[in-house]
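In this note's numbering, the protein residues as written are 3 to 131.
Set out below in structure tokens:
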């Protein structure tokens with residue numbers, strides 16, 4: 003039997019509020035909230051505001067990362083949520099983001115990363131703090 007080292011959720015969210023997508027600050031608030039909601043361990047974050055509008059950002063967590071890139075003129079945002087360890091936390095973070103952005107449509111792909119033998123000892127990401 004096999005187990006995986008991580009889960010990577012890659013999603014396209016359509017029909018989001020352009021006003022939220024325009025602002026790196028608004029998106030940062032959502033992604034920082036997702037990290038807290040899912041009990042993930044933030045190491046650092048970087049957000050960039052594009053002119054005249056749009057944003058990109060990444061939150062580096064000890065478990066891996068969360069990232070986004072927005073196209074407010076299309077009501078569209080591309081997001082990644084990748085975590086090692088407890089897969090449930092990735093889905094908690096993802097669901098939080100989707101709830102806050104309230105898209106009309108979500109296209110989601112879930113990739114289970116690093117398939118290893120179930121008997122193999124695996125040390126998952128250490129907590130920070």
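Cβ atoms here follow ideal geometry from the backbone N, Cα and C, with glycine treated the same way.
Quick check on residue i: buried or exposed, where buried means 16 or more other Cβ atoms within 10 Å of its Cβ?
i, result
"residue 10", "buried"
"residue 53", "exposed"
"residue 79", "buried"
"residue 84", "buried"
"residue 119", "exposed"
"residue 24", "buried"
"residue 91", "buried"
"residue 42", "buried"
"residue 116", "exposed"
"residue 48", "exposed"
Which of the three DSSP states is assigned to residue i in this structure?
i, result
"residue 110", "strand"
"residue 129", "Annotation note: pLDDT 45 at residue 129 (below 50); position unreliable, no value reported."
"residue 5", "strand"
"residue 64", "coil"
"residue 19", "coil"
"residue 46", "strand"
"residue 115", "strand"
Less than 8 angstroms between the C-beta atoms of residue i and residue j, yes or no?
i, j, result
"residue 22", "residue 28", "yes"
"residue 56", "residue 30", "no"
"residue 16", "residue 75", "no"
"residue 69", "residue 86", "no"
Could you check where the alpha helix (DSSP H) with residue i kicks off and where it finishes?
i, result
"residue 53", "Segment: none, residue 53 is in no alpha helix (DSSP H) and carries neither H nor E."
"residue 38", "26 to 39"
At a cut-off of 7 angstroms, is residue i close to the ligand NAP when judged by its beta-carbon and the heavy atoms of the ligand?
i, result
"residue 31", "Absent from the structure shown: the ligand NAP. Ligands present: none."
Legend entry - In chain order, each beta strand (DSSP E) run of at least 3 residues that lies wholly inside the stretch 67 to 99: The stretch 67 to 99 contains these whole beta strand (DSSP E) runs: 78 to 86.
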